[in-house]
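Trainee: For reference, the structure I am asking about is given below.
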Amino acid sequence: MLKRLERLASMSIQLLPVSGIANYFVLERGGYVALVERTSDNNFGRVGDSGLLTTDGFAALVWRPEGSFFVNKHYERPAEPAEVEEIRRFSRDLRAAIGDSR
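Offset between the sequence shown (1-based) and this note's numbering: plus 18.
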């Protein structure tokens, strides 16, 4: 676990303190977040999809015929190409640091 935390820190990915989510860790970089499964031995498990952290919570990156969007129940806006690339990079780095090969 310590080695994984060090790898995350070296990639500027931080663990966010979030109450009420006992089964997951919330990791963030540059405003992008992902839930990571918390295993029974309190270690990192599988990495979930990444999204944008907004004042209304998690906004998923969704694809529509007219383009990509960040969306949640109370929020929607187009995703710029640079944002799509950055969220992909965040997701790739997070999976590499955690060891999730999905």
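No residue lacks a Cβ here, since even glycine has one placed at the ideal position from N, Cα and C.
Bear in mind that the values here come from a model prediction, so they are computed numbers and not experimental data.
Would you call the CB atoms of S30 and R47 closer than 8 Å?
Mentor: In contact: S30 and R47 (Cβ atoms closer than 8 Å).
Trainee: With DSSP collapsed to three states, give me the class of V89.
Mentor: Strand.
Trainee: What does DSSP give as the partner residue(s) for T72 in the beta ladder?
Mentor: Note: T72 sits in a beta bridge opposite G75.
Trainee: For D16, name the three-state secondary structure that DSSP assigns.
Mentor: Residue 16 is absent from the structure shown; the chain starts at 19 and stops at 120.
Trainee: Taking 7 Å as the cut-off, is the beta-carbon of G66 closer than that to any non-hydrogen atom of the ligand PLP?
Mentor: The ligand content of the structure shown is nil, which means the ligand PLP is not present either.
Trainee: Just how far apart, CA to CA, sit R25 and I116?
Mentor: Answer to the nearest angstrom: the Cα atoms are 8 Å apart.
Trainee: Which residues mark the beginning and the end of the alpha helix (DSSP H) in which E101 is found?
Mentor: Here the alpha helix (DSSP H) through E101 covers P99 to I116.
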